[in-house]
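One structure is given below, encoded as C-alpha cells.
There are 2 protein chains.
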Amino acid sequence: MKKWLLFSCSYALAFTASAQKTLIGFTASNSEKQVEWEKTFDAQIQAEDLDAWMKFLTAHPHHVGSPQGKANATYMVNLFQQWGYQAELATYSVLFPTPKTRVLELLGDKPYKAKLEEPAIPGDPYTAQKSEQLPTYNAFSADGDVTAPLVFVNRGVPDDYDELAKRGIDVKGKIVIAKYGGSWRGIKPKVAYEHGAIGCIIYSDPADDGYVQGDVYPKGAFRPKDGAQRGSVMDMPVYPGDPLTPGVGSTPTAKRLDRSEVKTIMKIPVLPISYEDALPLLQSLEGDVVPAAWRGGLPLTYHLGPSKAPVHLKLQFNWDLKPLYNVVAKLPGTEMPNEWVIRGNHHDAWVNGAEDPVSGLVAEMAEAKALGELYKKGYRPKRTIVYCAWDGEEPALLGSTEWAEDHQAELQQKAVAYINSDGNGRGFIGASGSHTLEPFFNQVLDDVVDPQTGVSVKERRYAKDIVAANRDARQKMFGNKTIKLGALGAGSDYSPFIQHLGIASMNLGFGGEDEAGVYHSIYDNYTHYTRFGDPGFQYGVALAKTAGRVTLRLANADVLPFDFSAFYKTVADYTAEVKKLLDDKRTDVQLKKDLAEKKLFVLASDPQKKYTETANDSLPPYLNFSPLDNSLLQLKENTVAFAALYGNATQLPAETQKTLNDLLFKAERSLTTTKGLPRRPWYRHTIYAPGFYTGYGVKTLPQIREGIEQGAYGEAQDGIDTVAKALEAYNAYLTKAILLLRKSS
Amino acid sequence: MKKWLLFSCSYALAFTASAQKTLIGFTASNSEKQVEWEKTFDAQIQAEDLDAWMKFLTAHPHHVGSPQGKANATYMVNLFQQWGYQAELATYSVLFPTPKTRVLELLGDKPYKAKLEEPAIPGDPYTAQKSEQLPTYNAFSADGDVTAPLVFVNRGVPDDYDELAKRGIDVKGKIVIAKYGGSWRGIKPKVAYEHGAIGCIIYSDPADDGYVQGDVYPKGAFRPKDGAQRGSVMDMPVYPGDPLTPGVGSTPTAKRLDRSEVKTIMKIPVLPISYEDALPLLQSLEGDVVPAAWRGGLPLTYHLGPSKAPVHLKLQFNWDLKPLYNVVAKLPGTEMPNEWVIRGNHHDAWVNGAEDPVSGLVAEMAEAKALGELYKKGYRPKRTIVYCAWDGEEPALLGSTEWAEDHQAELQQKAVAYINSDGNGRGFIGASGSHTLEPFFNQVLDDVVDPQTGVSVKERRYAKDIVAANRDARQKMFGNKTIKLGALGAGSDYSPFIQHLGIASMNLGFGGEDEAGVYHSIYDNYTHYTRFGDPGFQYGVALAKTAGRVTLRLANADVLPFDFSAFYKTVADYTAEVKKLLDDKRTDVQLKKDLAEKKLFVLASDPQKKYTETANDSLPPYLNFSPLDNSLLQLKENTVAFAALYGNATQLPAETQKTLNDLLFKAERSLTTTKGLPRRPWYRHTIYAPGFYTGYGVKTLPQIREGIEQGAYGEAQDGIDTVAKALEAYNAYLTKAILLLRKSS
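Dropping the structure here:
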C-alpha cells in the first residue's frame, strides 16, 4: 500500500508523536499491534462470502412478516453463533399495513385504469416471484375512496404549493400528483393534506431514474416503464418506529395507542405509480404549462391542471400487527465490557432488496465473520462489539427504533457509538456522522485501499471532490485532504441512536459508480445488483474493511478517539449559516416589500397569465445569538486545552483512562434535551435532525434553522438558548476531562 | 402618461438643466417642439395598418428570388412613394443556392427514410402553399453524397468535441448529428468539418422549442414534430453578404470569385431535420450515454454513438445567381442633408415569415408612414432619414451587406447611425447597440408607454430584470433604473454597418411574452403570429413608437446625443473582463496541471469508462495591458471634460454645431481598423464582433478575448495594442470636440 500523508489539521499535531503513524487513541505499541491485526482482518474478508450471503438473503422477497424475512433472521443468528457471538433474535410486534385494494383510474372521455403492476423480466427469475411480492404501495397511507380532479404539484414540497398559489391554483378537494424526488416521499402526502388535497399519487418520472438517466432494465440499470417505487409515508419526521408505541419498545406488554390516536399515519390515501401509469393522468391535465424547473422527462407538455376528467383512487389496507425479527449478536469486551460499539444494517426489504439493504448487510456480516476469526486467533477487543441486523427498517425504522427504545437506559449508559450502513455500491466512500468522529474517520480512510485504483479510499474520494469543484473550491482544497463528514438527517437506522438517544453515530457506504434506478422495485435483486451495483463485490469488501476498522478501533482504543475541535468548527460553521440565513431572509423580505411597493412584480409578469408574486412575509426580527456565541467561545477554548493534553492520555493509568473514556462518549448525550424539538419531542438532538419538510434532508441546529425558515422566530430564539445550554453541558464534560488530564499529567 | 423619474447617472447632470425634462441634444425649446411632434407621430401609428401590411407581405412564401419577394419590394416602394419618400429598388445579383436533391436515410437492420417534409395544418391555409415553399434545407451547405456511421455531438461547438475526445470518440469520417441551439447553426458544420466529419445533421430537439417548452402548433405555439428549422450555414463569422463579392457590392460589373475559391461555403453537406426524423437516428446510436447536460427532450436514452448502422446523406443544390430587391426610401434633411439616420429591417423570409421578419418590418413601415404624415403637417427633420427594407437577410445578410459595401464611401461620410429591427413580439423591450447611444436610448424608453400596463417600456423592462435578479443584483439595481444595452454580435442587418463600416448601430425589438418555437418553418405565418406573437399588434405599435423616437430624435437633435462616459464605462468593464479571463485561465490551467500531476483526474474517473481529462494547455503568459489602460485613462478624462461642456453645446452657433456633430458621429469610425480581425478582415470593429465559434454571440474586444480563449496570446497582445490605438484615435476626436466646445463657451 502506498503511504499517504497525514491530513495536516490541528489534531494531527496532538495525535502524531512521530513520523511513523500512530492510530488516534492508541499507544504506539497498541497501535502497531492493532495495525497488524487489521491486516489479518482484511485477509479474512472474502468477496465469495458476500456473494453467497446475498444470494441466500435475496432469494425471495423478504419484507416484514414474510417467511423469507424470518428465515433470513434465523440464518444470520445461526451464522453469528457459528462465528462465536452471543446471538439472538430480538422480536417486537408492530403495526405494518399491507394493501387489500388498490384502484386508480382516470374517468371522463379518455378513461384509463392504472395497471399498478411491475411485470417480470425474461431472464431475471427473481422478478417472476409474483405471489411473494408486496404490491406497489405506500405503507401508512390512509384507507380511502376518493374521486376528484387532478393537479400536478411538482415535488409536492411547500415551495411548490406557493408557486401554485401564485398561479391561482388551489388543491383543496383535489387529488394531487407529485414526482418522486426533491424530498423524502412522506413529505408529499403530508404537505398535500396540509393544503386540503384528498388524495396523493407519487410517480417515478423518467427524468429522475428512468430512460433520461440511462438505459432501462434489463438493457441498462434504470427503472423500466412499469417500475414503481414502494415506500413508507409515515410521518417519520415526527417520530419513527411502531406508530402505536412512541418512545417505548413495542414489547408484548407495551401500552399501545389505538390506531385512531396515531398522528403519524397519513390522513389521505397515497399511491406510488410507474410513469407508464402516470402518462395518461399527466396528459389529462389542463391549465397553464408548468414552470421550467418542474418539467419531467415524459414526451408531453407538462401542465399544472386541474384535469377536467376526475381521477378515482381507492385504497384499503390490512392493519395487522406483524412480528419483527431483529438479529443482535454480541462479542463482550475484555477490559470495558460495559462500553458498547454497535454496528448495524437492516435486513428487511420491500421486495428482494439486493442493493437495499443486503449489499450493506453482507459487508457487516463479513466484518463479523472476520472478527470471529481474529478472536479465535487471540484478538481481544477492550470493548463489547454488538452486531445488529434490523428488521422493519423500510416501513418506519421499526426494528432499530423499537430495540433502541426498549433498551434506552442501557444504551445511554453503555453505547460508545453506533455505526450504520445500508445500500452499498461501486465507487467512492460516502460518510455522514457525528463530527467528533471526523478526524478519527479520516485516519481510517487513509488505511483502506480502493479496489479499482490501489490508492486509499480517502485519496479517491478527495480526487472526486476536487475534480468536481469549481475554481475557488479547488484552490481551497488543494493540499488539504480532509474528508468532511456530512450531517445525519434521516433515512436509515442511525436515527434512534443519534437523534433520540444522543449516541455518536456514523452512516457509511460506497457509491457513485454503481447504477441504480430500480430502488424499492422488484428489479432491485441479485441479478441487477451483480450487473450494475458492485460486480464481484469489491466494494462490499471495501465497506467491510472501512466499517470494520471504525468498529474495531473504537472498540480497542486505549482512549476513545473523539475530537472536539472538529466538532467545534462544524457547529461554528452551522451557527454562521443560520445567522446568514436570518440576515439573507431579512434582506429578501425587505427587497420583496420594496419591489412590491413599486409594483415591480406586477409589471414584470405577463398580464395574460395568472401570476401574483406575494410579499406577505413579515420582516424577520433580530435574534439574540450571544448565548450561543458565548457557549461556542467557551467550547473553542476547551477544545484547544483538550487537544494540548490529549497526546498524553494514552499514557495514563487504566482507571483514569476509564473515567476519561466515560466522559468522552457521554459528552454527546448532553447535546440532546429532554423536551426535544417543537411538535416532535422524540427528536432530542440539538445539532442534527431530519427536516420537518425535507424528511431525508438534514437540518443542522434544527430548531434555530427551521424556526427561521418557517417564520417561527420565537422558536428560533428558544432554539438558540437551547443549543447554548446544551453546549454548556457539553463544555462541562470537556472541562471535567481537561481537569482529569491536567491532574494526571 | 405617468411621469417617470429620470435615471440618475452621470450624464443626467450634464443633460438635464431643469426638472422639466429636456431631450438630450435639443435646446429646451426644440425639445418641447419635438415632444409635441412625437405626440402627433404616435397618433398616426395604427395597429390596423400593421395588420394589413403583414397580411399582404406574408400572403405567400417570399424568400430571395420568389415572385412574392419581388412583389413585396415593389409594394413597399409604392407605399413609400405615396408617403412622400424618394423610394427605389436597389437590386444586386447574388449567389443563393436552393435544393435539388435531399436524401437522408438510416441503413442497417432498422432502415428509416427521413420524411424531410413539414405537413400542412388543417385550418391554417398558409401551411398548405406547398408548391411555393422552399424545402427544409441549410443554404450554403456543400453538395455531397456521403454514407457513414453517426455520432451525436450535442450542440456541435468546440467544447463538445473536447468532451467527445475525452471519451475516446473521434468523428473523423463520420456523419455528426447536432441539436439546434447553443450557437449559431453555421458553427456546427464548420466545427464538424474542422474535426474531420463528412456530413452534418442538425435537428430541433423538443427540449429547445418543442413540446417540452409548451403545447405544439396548432394547439399551442411550439414546433410540431415534423417542423424543421431552415437557415443559412455560410461561414458568416468570416464575412457575410454575397460570397462571390467580399467587401464590394455585387453589382452587375463587380468582379466575382469563382465558387470554388469561396472560403465561406460549407465544405460538407448539412441538413436540418425535425425531431420526428431525428428519433430513429438517435435510437440507432450506441456507445456511452451522453453527459447530463447534453440530454434532449425525446423519450429515449441519448447515446454518443457511433451508430452501427450507417447513415446516408445526399444533397445537391442549384447554385444560381438570384436577383435581390432592397427597398431604399429617403426623406432628405432640411439642415444637414448629408447626415443620414438609417432605419432598416429585412423583408425576405424563409417561408411566409410573419414573425421573422415581417413583425419588425411593419413597425418600420408604420414609422415611415407616420413621418410622412408629420412631414405633410410641416415637420422638417434636420437630417436625412433613410428607410430600408432589405432582401436576402436570411441566406447571408445579402441585401444590407451588398448595399453597405456598394455605398461604403458615402456611408462612412454620412451615416450618423443605423437602427435595425427584425422579429418583434409581445413583452419587454430588448436592445443592443453602440454604448455611445445608451443614455439617449434610456431617455427614449422613458417616453414610450407599454401597451399592456400603461407604464413606460423602460419601467417594465426594469421590473422584469430586477424581479429575475438574485439578491445581490437586486440590491444593486434597486433605485438605479438604467437599462444596459447589450453588445451587438450577429444575426441581423446591423452587421455591415457597425462591424464593417464603424457606424453606431442599434438593434431593437420587443419580446418575452410572445411564444415562438416555429422559427424558420412554414408555421411562422400570419395565423400563428396573430395568435401567439403579438395579437392586435400592440407591440408592433410600441416598436414603431420606440424606434421612431430613436430615429426622429437622432435626425432632429441640435447636437447629436452621443455619450462617451457610457461608452468608456462599458469598455472599461470589458477590459476588466478580459483581464479576469486571462487570470482565471492561468489559474485553471495551473490547477489542472497540479491535479493531473497528482493523478487526481485519473482517480476521480470511473475505471470502467473511457474518460481522460487532459491538462495539455500551456500556461497563459502575462500580457501587457498598459497601452489599453493608458488609452482608457485618457478616455475617462476626456469623457469627464466633455460631459461638463456638453450641456452648453445646444446653444452654440449652427456652424459650430455642425462641426461638432461631424466629430461626434465619426468618432465611432475610429474604433475600426483597416486590417480587421485575424483571419477575417471584413470585421473591422475593435470593440464588438460576432464570435468566430459562437456566430450569433458577441465577443467584445474580440481580438483580445478570442486570442485568450483560443490560446493565441500573441494575437491577444496585438489586439490590446490595436484597441489601445483605436481608443487613441477615438480620444483624438473627443479632444477636438472638447477644444471646440471650450473655444466656443
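As you go down the protein sequences, you meet chains A and B in turn.
Note that the working numbering has the first sequence beginning at 1, numbered continuously upward.
Note that the working numbering has the second sequence beginning at 1001, numbered continuously upward.
From the three backbone atoms N, C-alpha and C, an ideal C-beta is built for every residue, glycine too.
query	result
So residue 373/A and residue 44/A are supposed to be a Cβ contact under 8 Å. How far apart are they, rounded?	5 Å
Which bits of chain A does residue 950/B rub up against, with CB to CB less than 8 Å?	The first residue shown for chain B is 1001 and the last is 1745, placing residue 950/B beyond what the model contains.
Tell me, please, whether the CB atom of residue 57/A is closer than 8 Å to any CB atom in chain B?	no
For residue 1006/B, would you say it is in contact with chain A, using Cβ-to-Cβ distances shorter than 8 Å as the test?	Summary for residue 1006/B: the model assigns pLDDT 29, below 50, so the residue's position carries little reliability, and this model does not support an answer.
Given that residue 1546/B touches chain A, what residues does it touch there, using C-beta distances under 7 Å?	Simply none; closest approach about 17 Å.
Looking at the C-beta of residue 2/A, does it have a partner C-beta in chain B at a distance below 8 Å?	Because the pLDDT at residue 2/A is just 27, under 50, the model does not fix this residue reliably, and the point stays unresolved.
Compare the C-alpha of residue 1182/B against each of 1189/B, 1198/B and 1155/B and name the closest.	1155/B
If you draw a straight line from the alpha carbon of residue 462/A to that of residue 1612/B, how long is it in whole angstroms?	18 Å
Determine, for residue 1510/B, whether the minimum Cβ-Cβ distance to residues of chain A falls below 8 Å.	no
Output, in sequence order along the chain, the residues in the stretch 199 to 218 of chain A whose CB is closer than 7 Å to any CB in chain B.	211, 212, 214 and 215
Tell me which residues share the same chain as residue 1352/B and place their Cβ nearer than 6 Å to its Cβ, disregarding the 5 neighbours each side in the sequence.	1058, 1061, 1126 and 1525
Closer than 9 Å between beta carbons: that is the criterion. Which residues of the stretch 1649 to 1683 of chain B meet it against chain A?	none
Spatial neighbours of residue 561/A within its chain, please: CB distance less than 6 Å, with the 5 preceding and 5 following residues excluded, ordered by chain position.	24, 25 and 440
Quick one: list the residues of chain B neighbouring residue 298/A, beta-carbon separation under 9 Å, in chain order.	1299
Would you mind reading off the limits of the beta strand (DSSP E) that contains residue 178/A?	175 to 179
With a cut-off of 8 Å on the beta carbons, I'd call residue 1345/B and residue 1089/B a contact; round off their distance for me.	The pair is not a contact, with the Cβ atoms about 16 Å apart (cut-off 8 Å).
Is the distance from the Cβ of residue 638/A to the Cβ of residue 720/A below 8 Å?	no
Please name the residue, chosen from 1574/B, 1694/B, 1172/B and 1594/B, that lies closest to residue 1687/B on a Cα-to-Cα basis.	1574/B
Would you decide whether residue 1364/B is buried or exposed? Buried here means 16 or more other CB atoms lie within 10 Å of its CB.	buried
Would you kindly report the start and end of the unbroken beta strand (DSSP E) that includes residue 1198/B?	Segment: none, residue 1198/B is in no beta strand (DSSP E) and carries neither H nor E.
Check the DSSP bridge columns for residue 1231/B and list the partner residues they point to.	1138/B
If the criterion is Cβ atoms closer than 8 Å, does the pair residue 1578/B and residue 1708/B meet it?	yes
Would residue 1622/B be called buried (16 or more neighbouring beta carbons within 10 Å of its own) or exposed?	exposed
Any idea which residues DSSP pairs residue 1383/B with across the strands?	1336/B
Taking just the CA atoms, how far does residue 329/A sit from residue 80/A?	6 Å
Can you give the beta carbon distance from residue 394/A to residue 348/A, rounded, assuming they're within the 8 Å contact cut?	6 Å
Going along the chain, which residues of its own chain have a beta-carbon closer than 7 Å to the beta-carbon of residue 1056/B, five neighbours each way excluded?	1075
Please report whether the beta-carbon of residue 1612/B lies at a distance below 8 Å from any beta-carbon of chain A.	no
To the nearest angstrom, how far is the alpha carbon of residue 420/A from that of residue 447/A?	19 Å
Residues in the stretch 1531 to 1562 of chain B with C-beta within 8 Å of chain A's C-beta atoms, listed in sequence order?	none
Using 10 angstroms around the beta-carbon of residue 731/A, count the other beta-carbons present and answer buried if the total reaches 16, otherwise exposed.	buried
Among residues of its own chain, excluding the 5 on either side of residue 1632/B, which ones have a beta-carbon nearer than 6 Å to its beta-carbon?	1572
Give me the chain B residues within the contact set of residue 747/A, using Cβ-Cβ distance strictly less than 7 Å, ordered along the chain.	Residue numbering for chain A in the displayed model covers 1 to 745; residue 747/A lies beyond these limits and cannot be assessed.
On the three-state DSSP scale, how would you describe residue 674/A?	coil
How far does the beta strand (DSSP E) with residue 280/A in it extend, from its first residue to its last?	It is not in any beta strand (DSSP E) - residue 280/A instead sits in the alpha helix (DSSP H) that spans 275 to 283.
Quick one: does residue 466/A have its CB under 8 Å from some CB of chain B?	yes
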